[in-house]
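Visitor:
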């Protein structure tokens, strides 16, 4: 498929390479939320109004029985802070910005112009006026939800700004913002998952476009460098000039080279066959085998690594859920001990 | 000093307990930025335009020589993502929200009404019209800077939203927002540090206010529970009624108790001396010795723990700086090996 | 009462003058919303999907029967724009920022430190822990609502950014943001109105504080200029120096003047009586009779003018409501003519 | 050209109709800023520290000599408010959101997929890696600037929120946000103007795409209603079904009609010629002649009206500029009268 910069055909790549870019971004979103959890899963209990209490209490035991990892130690901070919530809303905002980029692509890829993907009817709507329409509504709404999640974050930041210690009722107004932001993000992820799983990507259309817009021109310039001894800047200029003239064949390249270097590339041994080899999309991709590159081998390695990371993330979540459910059992056992 | 909820005198606490609330919040800010660093300190080099390159490169070696911890593996993500910057701006926004709260308090504490602190002249200004003025300008500007940092974050989020892969020039507009947000936050922290170090807190004024506004009323209610067998809800109601009547002496409490329970507290053995003991500010504080509470012992333990955490954070920063400077040395050595 | 800059006692003013500042700000909020209404009350009907329709329609008649003032003429714009809604949310954000400032003051004025106002119990809450508490919850929640309204605006802006023509489903996500923002603002205004109407202001406490913090020092400096021929900068410096020394009596002022000008003010004829006259709070206020100033006469004129403006605004609203209800009657009459 | 909803080919329209949608939106932006000017162009002079002054001043004369339209009457409001600046930043945010939509379209229209426009080289960049690239950088940066302008507004709102009367140094931090927002918006408009003026639109490519994606299907359904007596819902369903089958010829429509209504459209007299007439793009457009519609006549009327509006706006600006320069002359004359 064509890869894009500035939404212009840039260089050939593969769908797998393109989608792995999103996987890697979502993986960082997971990492952020996971780290936020260590600050969320702290127990404020025992702080009372902010000065703790004169009653003899055991804060550590309460935290343990409720499945928390640790205490929010200072009792005034325990009552006054909402940074753990702001952090989660911030992480979800970044996550939704990633979602909005993917949705933008799915919307554009669904157009009559591009046709790289067909979204399942379940995620599209028709029009009450236009009988022919199939609109990518779900992707559009998710794109817009980025705004609502960030709006929730904005509301929360504004409410917190400039509040003195310790508790102020302003903090109550954070609650609807927090729940709204979390709900919107959760629903969007679930929908995105199903929408991607049910989408039909069109490899033939992608392949058809992969070489358009002179997308292998960089490889041709690189070939002039590697095999014909030109400095990259000169090769770049010659190929660019030929593109402006409208074709990348030996005649046009020779004309361009003569204008720029006063000698032809044929004279250096370049043939039409060399050009065609360099412009071949699959060849160009196969060369890009550095870690994280689009060459099939590099992509395969990346997929294997990402699967391992996903498994590790799954394990982490399970451990956390188990800790909470274990604590719940202990809590019930302790309660029954007191009230047999 | 009086502790506040809803900015009303609430319960007595101490300045150390109050300031430790901020220290703990700033410590979480450090933790967030530290975790962000692991995502910032990844090397995108070798991604080229987004499809890596056909030249044989060694991405790991380049990353190592430049002092990075790891690679941004996928080369399209390496070019397209700015989430590491959004994350930092988000963390700085939360940090500045904490700064704004502390500044709000310093401003109010400097008023003629409160006089809990005198800020050093270096952080104040006078007025061109009013000869008597000493204004807490620095604290006010820092409070406002919260907005500028969040504005930088907002600008960055809006620029990112809905961008397709991979690079788009929109990303260039993030740069001034990132630098501005970081500069404002850095300057604010430096100023805050100096402003706090040079501020004169007024323990006598704090002590004078500590018991006002019936701030020990909770302790009195607790005493009725602990020593005189009342349910907390009843004790709370009686003390609340007495406060409305304007005094917390034995006569008023007995009247209130009679209205509510049809019997006096004197009958249960409560004396004026018991009341005075309960209302004693130092006594009330000394009872609150749970971890993170305001009792001097609990505060001492907290300070020791926080110092250890600060040392650990310092060590971490030093290690990170050392890693970068070591890499620089290796890089220069390698460069000299190539160009002796 | 004392007027404040930087929340420090600055110069004496009156409660009426202080409250008129808010009235004037709210009046601009009304003007903005009123102007927005001319852009809101335009009829998009007849735009169909964005290209209008091949059926012979009469857009002007439809607009008139529905009570609109005019058409959104271009049919693509009619479908694609939401700027009228963004404008209203923007106007409500500014309005709520004004509300937040007034609420901040009511909260601080309710503290034990200040006691300038007592809010009615209906707008306060007590504490489940602390029996003595009366907290200004309603004012705090309204202060926080500023964030929620701005959050709604932020969500709407983010959803709109970068959308191509004409309709995109993203626009649907604006709707909850618009309604939420309008509902929060409307409720806040209604509550604010009732809260102010039921609040008890404390003129004695205000008067007690009016002269504190050397708040008439400016008037004293002005007196030195007007009656004793000093340049303002010199007078300002002498008075400022005397404030630092802690008193504004003739002895201290003479010492300060000697340090600065090498001659006393007594030598110029200044007496202790002149000083006391200048420092008199009521006298200082009475001099400030420029339009919009705090002198009782200026305030009276201002109140009369504001009342006229309020009446004009009321008339405008009534006309607008009447136009809508007249249109509804015409619409029903037309409908009955068609279906008798 | 094709008009779009959900970025899918929807119905045929014309470039003029499409661009008029933006003109109308920008016209509202002008109206907003113009109304904001009436609140910006008010004179705060004479407010002094907030309580005006005891010196005998003439606020109206000062305002007149400085070219202001009126006073910010209340002197505390004059010092404390920044709503006039917030309003301008809000108006510029909406304006930039409109700019971002137009830029998004120019970027997409420049792609290899669409090719509706060729932006002048002066507004594009090439790539240091890819020799063939021509990237719409200016449009991308303007799209991103929407974020920076809104970021400036956000910073200003956050700084204002919760400030008590009257002046607080926080207000100083608004200044860089205000200037930055105004500068970014001004530069963007200037660039947009030049970029549009130098762009080459491609009517042939637009015409080629105008009828694609069954974009005249609505007209066909309307024809079935108008000329063959079908209810719109039935006509809509039949045409929609035929689109799913892949063609809009008489045979497919008859099959679809039979499935849905158990009778053919041919039986009602529909011929292949009727279908072709209905699907004709120019015919479809020519029917849409309601005010604001895409029919050439309606567009011509709209252009004439918009030109009149633009002239009126120009006159308004000239009057305002003249008022300021006249005031400047009067001011200099008065000054010379005092100091001959």
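Residue numbers (the numbering used here), protein chains in the order written: chain A, 116 to 455; chain B, 116 to 455; chain C, 116 to 455; chain D, 116 to 455.
The beta carbon of each residue, even a glycine, is placed where N, CA and C say it ideally should be.
For residue 435/A, decide whether its Cβ has a neighbour in chain B, counting only Cβ atoms nearer than 9 angstroms.
Guide: no
Visitor: Have a look at residue 387/D and residue 396/D and give me their C-alpha separation to the nearest angstrom.
Guide: 16 angstroms
Visitor: Just the C-alpha distance for residue 296/C and residue 268/C, rounded to the nearest angstrom, thanks.
Guide: Near 7 angstroms, if we compare the C-alpha coordinates of residue 268/C and residue 296/C.
Visitor: Looking at the structure shown, is residue 328/B part of a helix, part of a strand, or coil, going by DSSP?
Guide: Here DSSP, grouped into helix, strand and coil, assigns residue 328/B to coil.
Visitor: Would residue 262/D be called buried (16 or more neighbouring beta carbons within 10 Å of its own) or exposed?
Guide: With 16 or more Cβ atoms within 10 Å of its Cβ, residue 262/D is classed as buried.
Visitor: Compute the Euclidean distance between the alpha carbons of residue 339/D and residue 252/D, then round it to the nearest angstrom.
Guide: About 47 angstroms.
Visitor: May I ask which residues mark the beginning and end of the beta strand (DSSP E) holding residue 199/A?
Guide: Unbroken run through residue 199/A is the alpha helix (DSSP H), 198-224; no beta strand (DSSP E).
Visitor: Check whether chain A comes within 9 angstroms of residue 252/D, counting only Cβ atoms and requiring the distance to be less than that.
Guide: Closer than 9 angstroms to some Cβ of chain A, the Cβ of residue 252/D qualifies, so yes.
Visitor: Taking only beta-carbon atoms, is residue 174/D less than 9 angstroms away from chain B?
Guide: It does not: the Cβ of residue 174/D has no partner Cβ on chain B nearer than 9 angstroms.
Visitor: Please report whether the beta-carbon of residue 284/D lies at a distance below 9 angstroms from any beta-carbon of chain B.
Guide: yes
Visitor: Rounded to whole angstroms, how far is the Cβ of residue 410/A from the Cβ of residue 403/A, which I believe are closer than 8 angstroms?
Guide: 5 angstroms
Visitor: Using the C-alpha atoms, what's the distance from residue 237/A back to residue 315/A?
Guide: Each residue's Cα considered, the two are about 13 angstroms apart.
Visitor: Could you tell me which uninterrupted beta strand (DSSP E) segments, each at least 3 residues in length, are contained entirely in the stretch 358-406 of chain D, listed from first to last along the chain?
Guide: none
Visitor: Roughly how many whole angstroms lie between the Cα atoms of residue 180/D and residue 173/D?
Guide: If you draw a straight line from the Cα of residue 180/D to the Cα of residue 173/D, it is about 11 angstroms long.
Visitor: Roughly how many angstroms lie between the CA atoms of residue 389/D and residue 405/D, to the nearest whole one?
Guide: Cα-Cα distance, rounded: 23 angstroms.
Visitor: What residue range is occupied by the uninterrupted alpha helix (DSSP H) comprising residue 131/A?
Guide: 130-155
Visitor: Please go through the same chain and pick out, in chain order, the residues whose beta-carbon is closer than 8 angstroms to the beta-carbon of residue 424/A, but skip the five residues on each side of it.
Guide: Cβ within range, chain order: 142.
Visitor: Is the beta carbon of residue 278/A less than 9 angstroms from the beta carbon of residue 407/B?
Guide: Judged by their CB atoms, residue 278/A and residue 407/B are not nearer to each other than the 9 angstroms cut-off.
Visitor: So, using beta-carbon positions, are residue 380/B and residue 343/B closer together than 9 angstroms?
Guide: yes
Visitor: If we ignore side chains and look at the alpha-carbon of each, how far apart do residue 270/D and residue 157/D end up?
Guide: So the two alpha carbons sit approximately 24 angstroms from each other.
Visitor: Taking 8 angstroms as the line, does the beta carbon of residue 157/A fall inside it for any heavy atom of the ligand FMN?
Guide: For the ligand FMN, the structure offers nothing, since it holds no ligand at all.
Visitor: With a threshold of 9 angstroms between beta-carbons, can residue 191/C be considered close to chain D, or not?
Guide: Chain D contact via Cβ: present.
Visitor: Does the stretch 432-441 of chain B come close enough to the stretch 158-172 of chain B to have 3 or more Cβ pairs within less than 8 angstroms?
Guide: no
Visitor: Would residue 299/A and residue 354/A be called neighbours here (beta carbons separated by less than 9 angstroms)?
Guide: no
Visitor: Mind checking if residue 333/C is an interface residue toward chain D, Cβ cutoff 9 angstroms exclusive?
Guide: yes
Visitor: Counting only beta-carbon separations shorter than 9 angstroms, does residue 261/A have a partner in chain C?
Guide: yes
Visitor: Are residue 417/D and residue 188/C touching if we call contact CB-CB under 9 angstroms?
Guide: yes
Visitor: Of all the residues that make up the stretch 305-337 of chain A, which are near chain D by a beta-carbon distance shorter than 7 angstroms?
Guide: Cβ proximity to chain D below 7 angstroms picks out 327, 328, 329, 332, 333 and 336 from the stretch 305-337 of chain A.
Visitor: Give me the residue from 287/D, 302/D and 139/D with the minimum Cα distance to residue 254/D.
Guide: Checking every option, the nearest Cα to that of residue 254/D belongs to 302/D.
Visitor: Mind checking whether residue 133/A and residue 324/A have CB atoms under 9 angstroms apart?
Guide: no
Visitor: Under 9 angstroms, Cβ to Cβ, is there at least one residue of chain B near residue 202/C?
Guide: Output row for residue 202/C: interface = no.
Visitor: Please classify residue 176/B: does DSSP put it in a helix, a strand, or coil?
Guide: helix
Visitor: Please identify, using Cβ separations under 9 angstroms, the residues of the stretch 264-280 of chain A that lie next to chain B, in order along the chain.
Guide: 265, 268, 269, 272, 273, 275, 276, 277, 278, 279 and 280
Visitor: Looking at the unbroken beta strand (DSSP E) that takes in residue 120/A, where does it start and where does it end?
Guide: 117-120
Visitor: Measuring only between beta-carbons, confirm whether residue 288/A sits less than 9 angstroms from chain C.
Guide: Interface with chain C (9 angstroms Cβ-Cβ cutoff): residue 288/A is included.
Visitor: Using a Cβ-Cβ cut-off of 7 angstroms (strictly less than) and excluding sequence neighbours within five positions of residue 200/B, which residues of its own chain qualify?
Guide: Contacts found: 271, 289 and 293.
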